[in-house]
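What follows is a single structure, written as structure tokens, with notes after it.
Residue numbers (my numbering), protein chains in the order written: chain Y, 154 to 527; chain W, 53 to 295.
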């Protein structure tokens with residue numbers, strides 16, 4: 154029997170910042186959440202989970218508790234990858250979270266992980282997420298900063314995911330940074346036989362710069378990876394986002410979907426599927442809308458090296474179609490309502506295999522942006 | 053209800069409708085006939101207020117109000133509605149979401165209405181994406197059922213519809229036009245483009261007009277005009293008028 158998780162007692166956050174966290178799916182009252190990790194700057198405020206068989210620990214505690222964890226450290230992401238990984242690897246006092254779902258465990262309500270940056274500093278985290286054989290693990294990660302972080306700050310985040318045989322991880326990340334924050338996630342996952350890895354990313358709010366290229370290596374047979382990204386870039390935001398799937402196991406398949414809107418900012422939308430084995434499939438799709446002059450630069454790459462891998466991509470960048478707007482106007486919606494309705498539809502990506510609660514959370518954070526007039 | 057006076061319409065630089073006059077009273081349904089490319093759809097799109105169709109002269113009066121310069125949504129809000137022959141596909145926008153948006157939270161049971169035109173399984177589909185001809189028409193009729201306009205324009209409601217669906221769509225359109233009500237109590241009016249005339253079995257059409265080269269050239273009993281056209285073709289039909 155699982156007990157109810159406790160609400161976060163003293164988050165020391167202003168009402169406004171609590172609202173910012175709510176927008177990224179962080180529920181401080183812990184309704185519909187089975188566990189929580191909250192890190193403010195470099196301080197761990199909360200790490201707990203009420204679901205049997207699933208542990209949420211701070212990085213430090215996890216390393217003390219499990220010797221074997223060192224085997225996972227820097228296994229999916231190389232510490233020598235770039236200056237970000239080197240910076241995090243060099244930390245004497247690493248922080249972040251470790252989530253371990255034991256064999257056969259399953260969480261109906263997601264675990265929330267929240268990384269909050271409220272000071273002028275570099276926040277660094279190293280996260281390790283493991284779903285053991287047959288486990289099903291759902292995580293929502295809300296990353297946010299205070300509305301005004303003085304001269305700005307940065308977030309360096311290493312996340313290593315391990316999806317064991319017959320296991321499944323869904324990781325839904327919603328960002329709500331501000332104009333002077335730079336964000337550099339470095340994520341990779343290793344998926345074993347019949348494993349499923351779902352990664353969803355939503356960023357509807359301004360950020361100075363974000364640069365990430367999470368990679369899923371589908372090692373096992375019949376493995377699945379699905380990446381979805383829904384982003385809006387406002388003036389002054391520079392978003393270089395991508396996702397990559399390496400298809401190694403026979404029967405591995407990947408789907409990478411992006412919806413990008415620029416209102417004046419820059420979006421580089423990268424994608425790469427590498428089919429290395431026969432019997433693998435992959436599809437990459439990027440659709441972009443330019444609402445105000447800005448940049449959407451889609452770079453879809455598909456790479457196949459054996460007979461029997463099937464890969465495809467489609468990319469399109471355009472504007473709102475006048476005939477679609479007028480069609481809705483002829484049904485009584487004014488131009489702004491018609492435009493918002495079409496954009497909302499454009500951003501509506503349904504992710505197969507995602508629990509309803511998480512899909513609702515994604516929908517809610519897009520709805521929030523719609524209310525503000527996109 | 054709708055009065056069109058001396059209407060001239062340009063698309064791009066070219067005048068495509070010349071001096072159109074049309075008067076449709078409350079409770080009346082008129083039929084617009086004419087060869088392909090004669091300007092029938094253009095007239096409907098102009099009445100609906102689509103911006104590619106610019107009115108260079110003349111007026112459109114709806115219920116005593118000059119709506120010539122009103123935007124499309126303002127005309128819709130005043131009670132003008134249209135069934136499109138080839139509506140656009142809107143990627144990502146679900147039919148159900150669109151219906152909710154156009155219902156404006158009025159107390160309408162969208163799923164019940166959808167069931168009545170066999171569209172309940174399409175509410176989670178992108179609007180018009182991969183819809184067959186009949187499905188497009190059923191979706192259009194469903195949207196109009198929710199919009200509930202007083203003046204209904206129908207652009208070839210039977211085109212692309214199989215025989216099985218024609219009565220479903222015909223009856224639904226009939227009820228949009230209050231055909232079940234006695235003539236005296238009928239408040240809804242309509243303007244219908246048809247080539248086949250199948251739809252006339254489901255609506256009481258009061259008058260027919262034949263359009264050619266952007267002009268209305270002939271008026272009369274819709275069934276008689278249609279019979280004439282079927283027997284002799286448009287060419288002879290129009291020649292008859294010019295004699």
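Positions of the beta carbon are idealized from the N, C-alpha and C atoms, including for glycine.
In this structure, does DSSP put residue 475/Y in helix, strand or coil?
As a first step, residue 475/Y must be located in the first chain, where it is residue number 322. Residue 475/Y: helix per DSSP, three-state reduction.
Where does residue 278/Y land, buried or exposed, given buried means 16+ other C-beta within 10 angstroms?
Taking the first residue of the first chain as position 1, residue 278/Y is located at position 125. When all chains shown are included, residue 278/Y counts as buried.
Residue 424/Y and residue 442/Y - do their beta-carbons sit closer together than 7 Å?
As a first step, residue 442/Y is located in the first chain; it is residue number 289 there, counting from the start. As a first step, residue 424/Y is located in the first chain; it is residue number 271 there, counting from the start. When the beta-carbon positions are compared, residue 442/Y and residue 424/Y stay at least 7 Å from each other.
Below 6 Å, is the gap between the Cβ of residue 310/Y and the nearest heavy atom of the ligand NAP?
Judged by which ligands are present, the structure shown has none, so any question about the ligand NAP falls away.
Nearest CA to the CA of residue 283/W: which residue from 248/W, 256/W, 261/W?
Taking the first residue of the second chain as 1, we reach residue 283/W at position 231. Its Cα nearest to that of residue 283/W, the residue 248/W stands out among 248/W, 256/W, 261/W.
Using beta carbons (cut-off 7 Å, strictly below), is residue 521/Y in contact with chain W?
Numbered from its first residue, the first chain carries residue 521/Y at position 368. No, no contact with chain W.
Rounding to the nearest angstrom, what Cα-Cα distance links residue 373/Y and residue 257/Y in this structure?
Translated into the one-based positions of the first chain, residue 373/Y becomes position 220. Translated into the one-based positions of the first chain, residue 257/Y becomes position 104. Approximately 18 Å between the Cα atoms of the pair.
For a test of the three-state rule: what should DSSP assign to residue 326/Y, helix, strand or coil?
The count along the first chain starts at 1 and reaches residue 326/Y at position 173. If DSSP states are grouped into helix, strand and coil, residue 326/Y belongs with the strands.
Using only alpha-carbon positions, find the residue among 167/Y, 202/Y, 193/Y, 368/Y that is nearest to residue 183/Y.
Within the first chain, numbered from 1, the residue matching residue 183/Y stands at position 30. With respect to the C-alpha of residue 183/Y, the residue from 167/Y, 202/Y, 193/Y, 368/Y having the closest C-alpha is 202/Y.
Tell me the rounded alpha-carbon separation between residue 192/Y and residue 296/Y.
Residue mapping note: residue 192/Y aligns to position 39 of the first chain, counting from 1. Residue mapping note: residue 296/Y aligns to position 143 of the first chain, counting from 1. The straight-line gap separating the alpha-carbon atoms of residue 192/Y and residue 296/Y is approximately 10 Å.
Grouping DSSP H, G and I as helix and E and B as strand, with all else coil, what is residue 379/Y?
Counting from one through the first chain, the residue named residue 379/Y turns up at place 226. In this structure, residue 379/Y counts as strand in the three-state DSSP scheme.
Under the three-state DSSP convention, the category residue 141/W falls into:
On the second chain, position 89 is the one that residue 141/W refers to. Here residue 141/W sits in coil by DSSP.
Residue 393/Y lies in the beta strand (DSSP E); which residues open and close that run?
The count along the first chain starts at 1 and reaches residue 393/Y at position 240. From DSSP, the beta strand (DSSP E) with residue 393/Y extends over 391-400.
Check residue 276/Y in the structure and name its three-state DSSP category.
On the first chain, position 123 is the one that residue 276/Y refers to. Residue 276/Y carries a strand assignment under DSSP once its states are collapsed to helix, strand and coil.
In the region 174-199 of chain W, which residues sit with their C-beta less than 7 Å from some C-beta in chain Y, listed in chain order?
In summary, the residues of the region 174-199 of chain W whose CB is separated from some CB of chain Y by less than 7 Å are 195, 199, in the order they occur in the chain.
For the beta strand (DSSP E) that contains residue 71/W, what are its first and last residues?
To locate residue 71/W, count along the second chain from 1; it is residue 19. 66-76 is the span of the beta strand (DSSP E), which, as asked, contains residue 71/W.
Quick one: which residues of the region 471-496 of chain Y get their C-beta closer than 8 Å to a C-beta of chain W? List them in chain order.
Within the region 471-496 of chain Y, the qualifying residues are 474, 475, 476, 477, 479, 480, 481, 482, 483, 484, 485, 486, 487, 488, 490, 491, 494, 495.
Tell me where the beta strand (DSSP E) around residue 512/Y begins and ends.
Along the first chain, read from residue 1 onward, the residue named residue 512/Y stands at position 359. Here residue 512/Y belongs to no beta strand (DSSP E); instead the alpha helix (DSSP H) covers 509-524.
Indicate whether at least one CB of chain W lies closer than 7 Å to the CB of residue 501/Y.
Start at 1 with the first residue of the first chain, and residue 501/Y comes out as number 348. Cβ-Cβ to chain W under 7 Å: yes for residue 501/Y.
Starting from the beta carbon of residue 498/Y, find every residue of chain W whose beta carbon is closer than 9 Å, and list them in chain order.
The count along the first chain starts at 1 and reaches residue 498/Y at position 345. Residues of chain W with a Cβ closer than 9 Å to the Cβ of residue 498/Y are, in chain order, 142, 143, 144, 145, 146, 149, 150, 178, 179.
Residue 60/W and residue 110/W: beta carbons closer than 7 Å?
One-based indexing of the second chain puts residue 60/W at position 8. One-based indexing of the second chain puts residue 110/W at position 58. Yes, the Cβ-Cβ distance between residue 60/W and residue 110/W is below 7 Å.
Report yes or no: is there a C-beta of chain Y within less than 7 Å of the C-beta of residue 203/W?
Your numbering for residue 203/W matches position 151 in the second chain. Answer no: the Cβ-Cβ gap between residue 203/W and chain Y never drops below 7 Å.
DSSP three-state assignment for residue 192/Y, whether helix, strand or coil
Locating residue 192/Y in the first chain gives position 39, counting from the first residue. In this structure, residue 192/Y counts as strand in the three-state DSSP scheme.
Separation of residue 316/Y from residue 264/Y, as counted between CA atoms
If you number the first chain from 1, residue 264/Y lands on position 111. If you number the first chain from 1, residue 316/Y lands on position 163. If I take the Cα positions, the gap works out to 16 Å.
Once you ignore the five residues that flank residue 169/W on each side, which residues in its own chain have a CB closer than 6 Å to its CB?
For this step, residue 169/W is matched to residue 117 along the second chain. The beta carbon of residue 169/W sits closer than 6 Å to the beta carbons of 190, 193, 194, 224 from its chain, once the five residues preceding and following it are set aside; these are given in chain order.
Compare the Cα-Cα distances from residue 507/Y to each of 170/Y, 207/Y, 293/Y, 166/Y and report the closest residue.
For the purposes of this step, residue 507/Y is identified with residue 354 of the first chain, where counting begins at 1. Nearest Cα to residue 507/Y within the set 170/Y, 207/Y, 293/Y, 166/Y: 293/Y.
Does residue 100/W get closer than 7 Å to chain Y when you measure Cβ to Cβ?
Mapped onto the second chain, residue 100/W falls at position 48. For residue 100/W, the answer is yes, since a Cβ of chain Y falls inside 7 Å of its Cβ.
Collapsed DSSP secondary structure at residue 295/W in the structure displayed
Taking the first residue of the second chain as position 1, residue 295/W is located at position 243. Model confidence at residue 295/W stands at a pLDDT of 43, short of 50, so the residue's coordinates are unreliable; what they give is reported in the following sentence. Reduced to three states, the DSSP call for residue 295/W is coil.
So if I threshold CB-CB distances at 7 Å, which residues from the region 208-239 of chain W count as touching chain Y?
Residues of the region 208-239 of chain W with a Cβ closer than 7 Å to any Cβ of chain Y: none.
Check the Cβ of residue 103/W against every Cβ in chain Y and list those closer than 9 Å, keeping chain order.
For the purposes of this step, residue 103/W is taken as the residue at position 51 of the second chain. Those are 475, 479, listed as they occur along chain Y.
When the Cα atoms are used, what is the spatial distance from residue 154/Y to residue 179/Y?
Sequence index remark: in the first chain, residue 154/Y carries index 1 (1-based). Sequence index remark: in the first chain, residue 179/Y carries index 26 (1-based). Any reading at residue 154/Y is ruled out, since the residue's pLDDT is 41, under 50, leaving its predicted position unreliable.
For a test of the three-state rule: what should DSSP assign to residue 445/Y, helix, strand or coil?
Numbered from its first residue, the first chain carries residue 445/Y at position 292. Three-state DSSP puts residue 445/Y in coil, outside helix and strand.
Quick one: list the residues of chain Y neighbouring residue 129/W, beta-carbon separation under 8 Å, in chain order.
As a working mapping, residue 129/W is identified with position 77 in the second chain. For the C-beta of residue 129/W, the chain Y residues within less than 8 Å are, from N- to C-terminus, 485.
Roughly how many angstroms separate the alpha carbons of residue 53/W and residue 149/W, rounded to a whole number?
Within the second chain, residue 53/W is the residue found at index 1, counting from 1. Within the second chain, residue 149/W is the residue found at index 97, counting from 1. One C-alpha to the other measures close to 31 Å.
Answer with buried or exposed for residue 307/Y, where buried requires no fewer than 16 other C-beta atoms within 10 angstroms of its C-beta.
Translated into positions along the first chain, residue 307/Y becomes position 154. Looking at its Cβ environment, which holds 16 or more other Cβ atoms inside 10 Å, residue 307/Y is buried.
Quick one: any contact between the region 252-264 of chain W and the region 80-94 of chain W, if contact means 3 or more CB pairs under 8 Å?
Flag = yes, the region 252-264 of chain W and the region 80-94 of chain W touch.
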